[in-house]
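The next block holds one structure in the form of structure tokens; read it before the comments.
Protein chains in written order, with my numbering: chain A, 1266 to 1919; chain B, 1266 to 1919.
Here you go:
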């Protein structure tokens, strides 16, 4: 039933259009390290935590009460789209079952599937908000999230089928999808959902079933967008919904960030399957604009609180950054699809930046707290999040809340972690690509037969990535390591002996041989800390630098600093020297901390004023101090704090 | 009936606590220049425009329909607090009648007063939202704005009485105030309005009537705040409502900016009348924190879109500035009260910065368009505002909309302009203070008798302020000119002969003499353009400068630039030389434009990336160009544009 490379969220049918073929959870196992620990905790800690909250907030009850045989259930609770929170959590559990079986989790999926099936209308339609009588089917699509929710149901059903071969959840999802097809397909309706998501779900359903109707509908739902036909009476404007410009004409990402990015993922999915150049080229143009002009160093996308939206190019002020977790997860989705299609390292670079920084920062090290939006700078230590209730507002408090009324992010994190192995490696007939450097086992079939590899690495603690060939056939094949954009030219050894390698035009270090079992290929990425500056049009961090080391963006958190340091009044000295300090257990993770000389500014001559004449601006005054930087991902795990990523650099003398 | 110095929005009863006594509209007449033109247009253009919209949006009808004899009126429309929009417009007309009589405007006030009186409940209560059956009296104070609206009614009634001596609107207001006293006074209720405003209205009503009950209630409404008792279920948190910290313990301004500032104005009013040191000192501490750490160069206060709120200290990114017009008007109110109390020039400086920049920018030069929030930078030219409809959203579009659903700002602008003469000058028994330099006539009584002055000036086009003594008594008195904080040491001549002067500890240039009619005192403020830098903790404009000239903040608007210039990719050359160009008619105003050498950057090496290693950051590339700066207040009057105030300064060589 299960075949190799078939347990993955994205399995294009048009494999001949792909530069590289995905390796799924059945082919790639994360064996150890931080991400394996997180996968373990995702199952053991986050999953029960999430289902506790999904019960506590009535999300499951919202469906239970629709069971025709049920009675006495409480009123429906929460936002319109709570169904999707449950579906995403279910998808997470489904991927986790693909990773490793569990009778308890299998039972959980069975039970919830049963609840969904009983809630479903006779024709397959399902939406707990509409079915509770709070709206009319398809009547208010801009707000209702009906297609969005069904999209997540489809993805959960596919995940469960791919992971376990079982069809009960999948069949429920197909029935729902078929209602959408019946009502919208072949242009029977010309409207669409205010929140994109179903597009990529329908393409994946086409891939899973071979039924082209789903692909056609996905295409239709993309094509109707961009003509200002979505009703903007209640909230949002046309750009908010990506409805101001047709996607083929759009040159950047606009509006609500998660919507824009989910649309982009669906667009790439369609382009993969249809081969339409115009669609693909628009998608790449938008991705490039997003990456070069609308992405924070920490991987945040979507700078504006208002509308959770993309701002203008270079509008990236850290002190008012929004940075929704779901948007960065969406960027991982888009970039992965573009990576499959093109094989270009820049897409894997974007995934790496997202994963090691904003995505990792979204979740508390105890894996029971989450940021919905992710600060890139915090000037004052806010109150800690309550631990036994959830806050009403999504705005990030001093620590990560346990849950949210709008609970989109935590289950999105869960499903990403549970399926993370699917984003690590790909293959062609004659090569295996390593896009992310994790300690994994890889089993795949190349043209000439089976290959089994083990990757051992403490990356990004250090830059050594050892690949041991454990099984190989007798013919030549290649190993291709992504050369990260920050890495210069890494070293490579084979069985301890320095080896040359070519760099492919896609940006990968390639060594090709007739390997024998026991061969060890070591890719050595330089991991010295570096100082990074932003594009000169990013006004908000001009004259400031950030520390990066490998893929890790660093932050200065108040808890690590000398008591005389106020991180709002601080600068690095010119030509700062950075010193690494390896800590084997920093908040449960082996981490490199970095110290650097700086100045705790007094700003004494500025006490009463916010501005001065240029010629009267005083030079920096204050005390030289050692400042400590930690991986940004780990901030706010020790109580409320002040934090910054970019830090002013002492000005050169005029 | 009218006595000198009694036509003013703020007339403290405890005159002996004031450092300087207000001179009202009966004492100060703006004779010519931009502000006189605006007053003329405020009456001739903005007033009919506003009443057109107040009718079109149902604001007047919301009250008409409550007339017991009326019938067939449409349903109530608009936000809860629409009554206040009408009251503020009415207050504006009332001040305008004080400035210059008009049978038509007198009739307008009479008609609207009649509508309000008929709408009023038998006991005097009035709120069109509650009386429409949409809420229960005082039941939902955090949202309902009932006290807020009655506060504005009180201020309108007082304005009308002070301006005209008539009492019909005043009596309506007193009846409403007495319902508040009956229900809330003497601690009968312990709650208060979610939006402060009534505090300063009640204090002014105490001043107008001598009835201390109103003052006591104002104090009570301030004292109940700060204990997290306001219901935050619907929206906002306790800091949003200034309910997290009692005002005497608060050290900065927090939460919704207009609310925080209106509270502050009420607090100063109470402190003036009660003499309570703790209250006054808390107010001054908050004002200082606001001025030094939470005010934009253009006079904007309240940086955050979310909650229209104050941010953290130094959180002042221009590209995400909110800057509500009403908040800056509130700052003028607070600063004026503190100026009366202390006589210190810093408060008049703050008023000047607000008036000449954000306040002036809020209104189109045709006086029929308004910004609700005021951009401090615009990276892309947004669509123009519709001209025949009003936008649903308050966010500033490419040009100034004609009106808003939440129409608080336009009538607030109107009442400020109509009463502007009251913010120009004050007196003590032996001196006249000039706080703002406008061409005005001043008539007042000093200890020894009547004084009449004429001020002639084109300020801020140039820095010459001529004061001609037209009438004086035979004894010595002083003229005190504010020395603006940016002015260094101005020159002073008497009858053309250079004269020494003392600078008072309050920051005023003082000359005291036995003047004779015909004496001309000229105060000469240097008006060279200057480059201004922000406090080093304002991350968002580090390495950038702004041009100021006198009180005027400059902006670069795309429409004035060479076609090769993209204002998002530009910098000034080191040691930039600025050149003034006087334009006698620039958008209807005599203005100084400024040109400066800069560079249109190509940023060619940055095309694909948002960040680089510090050592790999390329030097600026591009073409040297002449850049043109205009007064910020005049931007967006020539169609949608790109605009910036702060502009990067070429970095010194490392």
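From the three backbone atoms N, C-alpha and C, an ideal C-beta is built for every residue, glycine too.
Values in this document were obtained by computation on a predicted structure and should not be read as measured data.
*Let me know the secondary structure DSSP gives residue 1553 of chain B once reduced to three states.*
In the structure shown, residue 1553 of chain B sits in a helix (DSSP, three-state: H, G or I).
_Through-space distance from residue 1912 of chain A to residue 1552 of chain B, alpha-carbon basis_ = Our two residues, residue 1552 of chain B and residue 1912 of chain A, have alpha carbons roughly 28 Å apart in a direct line.
*For residue 1506 of chain A, does the three-state DSSP call read helix, strand or coil?*
Taken through DSSP and simplified to helix, strand or coil, residue 1506 of chain A comes out as helix.
_Close beta carbons around residue 1323 of chain A, own chain, < 8 Å, minus the five adjacent residues each side_ = Around residue 1323 of chain A: 1339, 1341, 1342, 1343 and 1347.
*residue 1906 of chain A and residue 1822 of chain A look like a contact to me (Cβ under 8 Å); what is the Cβ gap, rounded to whole Å?*
Confirmed, Cβ separation roughly 5 Å.
*Should residue 1492 of chain B go down as buried or exposed, given a rule of 16 or more other Cβ atoms within 10 Å for buried?*
By the neighbour-count definition (other C-beta atoms within 10 Å, threshold 16), residue 1492 of chain B is an exposed residue.
*asked:* Please report the distance separating the alpha-carbon of residue 1786 of chain B from that of residue 1749 of chain B.
replied: Distance between the alpha carbons of residue 1786 of chain B and residue 1749 of chain B: 18 Å.
*For residue 1865 of chain A, go through chain B and note every residue whose CB falls closer than 7 Å to its CB, in chain order.*
Within chain B, no residue comes near residue 1865 of chain A; the closest Cβ sits about 12 Å away, beyond 7 Å.
*Tell me, please, which residues DSSP counts as bridged to residue 1731 of chain A.*
Residue pairing for residue 1731 of chain A: DSSP places it in a beta bridge opposite A:1721 and A:1787.
*6 Å CB neighbourhood of residue 1268 of chain A in its chain, flanking five on each side removed*: Confidence in residue 1268 of chain A is poor, its pLDDT being 42 and thus under 50, which makes the residue's placement unreliable; the coordinate value appears in the next sentence. Within the same chain, residue 1268 of chain A has no close Cβ partners at all.
_The beta strand (DSSP E) enclosing residue 1759 of chain A, as first and last residue numbers_ = 1756-1759 is the span of the beta strand (DSSP E), which, as asked, contains residue 1759 of chain A.
*Compare the C-beta of residue 1876 of chain A with all C-beta atoms of chain B and state if any pair is closer than 7 Å.*
Taking CB atoms only, residue 1876 of chain A has a neighbour in chain B less than 7 Å away.
_Proximity winner among B:1577, B:1589 and B:1587, relative to residue 1584 of chain A (alpha-carbon distances)_ = Among B:1577, B:1589 and B:1587, the Cα nearest to that of residue 1584 of chain A belongs to B:1577.
_Cutoff 7 Å: residue 1584 of chain B Cβ touching any chain A Cβ_ = Chain A contact via Cβ: present.
*What residues from the region 1882-1909 of chain B come within 8 Å of chain A, judged by C-beta to C-beta, listed N to C?*
Under the 8 Å Cβ criterion, the region 1882-1909 of chain B contributes 1882 and 1885.
*Does the distance from the CB of residue 1582 of chain B to the CB of residue 1805 of chain A come in under 7 Å?*
Yes; because the gap between Cβ atoms is below 7 Å, this pair is in contact.
*Ignore the nearest five residues each way along the sequence and tell me which others in residue 1899 of chain B's own chain have a CB closer than 6 Å to its CB.*
The residues are 1852.
_Pairs of beta-carbons, one from the region 1649-1663 of chain B and one from the region 1695-1702 of chain B, closer than 8 Å: are there three or more?_
Fewer than three Cβ pairs drawn from the region 1649-1663 of chain B and the region 1695-1702 of chain B lie within less than 8 Å of each other, which leaves the two stretches out of contact.
_Is residue 1833 of chain A close to chain B? Criterion is C-beta to C-beta, closer than 7 Å._
Yes, contact with chain B.
*Per DSSP, which one or two residues make a beta bridge with residue 1908 of chain B?*
Paired residue(s): B:1643 and B:1822.
_Contact set for residue 1869 of chain B: own chain, Cβ-Cβ below 7 Å, skip 5 residues either direction_ = Counting only residues of its own chain and dropping the five nearest sequence neighbours on each side, residue 1869 of chain B has a CB closer than 7 Å to the CB of 1886.
*Leaving aside the five residues before and after residue 1416 of chain A along the sequence, list all residues of the same chain whose C-beta is less than 6 Å from its C-beta, in chain order.*
The answer, listed in chain order, is 1462, 1463 and 1466.
*What residues in the region 1553-1574 of chain B have a beta carbon less than 8 Å from any beta carbon of chain A?*
Of all residues in the region 1553-1574 of chain B, 1553, 1556, 1557, 1558, 1560, 1562, 1568, 1569, 1570 and 1571 have a Cβ within less than 8 Å of some Cβ in chain A.
*Following the continuous beta strand (DSSP E) through residue 1773 of chain A, name the residue where it begins and the one where it ends.*
From DSSP, the beta strand (DSSP E) with residue 1773 of chain A extends over 1773-1778.
*Whose Cβ in chain A lies nearer than 8 Å to the Cβ of residue 1920 of chain B?*
Since the first residue of chain B shown is 1266 and the last is 1919, residue 1920 of chain B is not available in this structure.
*Determine the DSSP secondary structure at residue 1338 of chain B, reduced to helix, strand or coil.*
Look at residue 1338 of chain B here: in three-state DSSP terms it is coil, with no helix or strand label.
*Identity of the residue in A:1728, A:1752 and A:1744 nearest residue 1767 of chain A by Cα*: Considering only alpha carbons, the answer is A:1744.
_Using the three-state DSSP reduction, which class does residue 1622 of chain B fall into: helix, strand or coil?_
Looking at residue 1622 of chain B - three-state DSSP - the assignment turns out to be helix.
*Please confirm if residue 1267 of chain B has its CB atom under 7 Å from at least one CB of chain A.*
Because residue 1267 of chain B carries a pLDDT of 36, less than 50, the predicted location of this residue cannot be relied on, and no value is offered for it.
*To the nearest angstrom, report how far apart residue 1746 of chain B and residue 1545 of chain B are at their CA atoms.*
Cα-Cα distance, rounded: 26 Å.
_Local conformation of residue 1535 of chain A per DSSP, three classes_ = Residue 1535 of chain A falls in the helix class under three-state DSSP.
*Is the region 1489-1503 of chain A touching the region 1436-1447 of chain A, taking contact as three or more C-beta pairs under 8 Å?*
No, the region 1489-1503 of chain A is not in contact with the region 1436-1447 of chain A.
_Amino acids of chain A, ordered along the chain, whose beta-carbon sits closer than 7 Å to that of residue 1403 of chain B_ = The contacting residues do not exist; residue 1403 of chain B stays about 24 Å from chain A at best.
*Are the Cβ atoms of residue 1897 of chain B and residue 1629 of chain B separated by less than 7 Å?*
It is not a contact, given that the beta carbons lie outside the stated cut-off.
_I need the DSSP call for residue 1529 of chain B, collapsed to helix, strand or coil._
It is helical.
*Tell whether a beta-carbon distance below 7 Å holds between residue 1288 of chain B and residue 1709 of chain B.*
Taking a C-beta distance under 7 Å as the contact criterion, residue 1288 of chain B and residue 1709 of chain B qualify as a contact pair.
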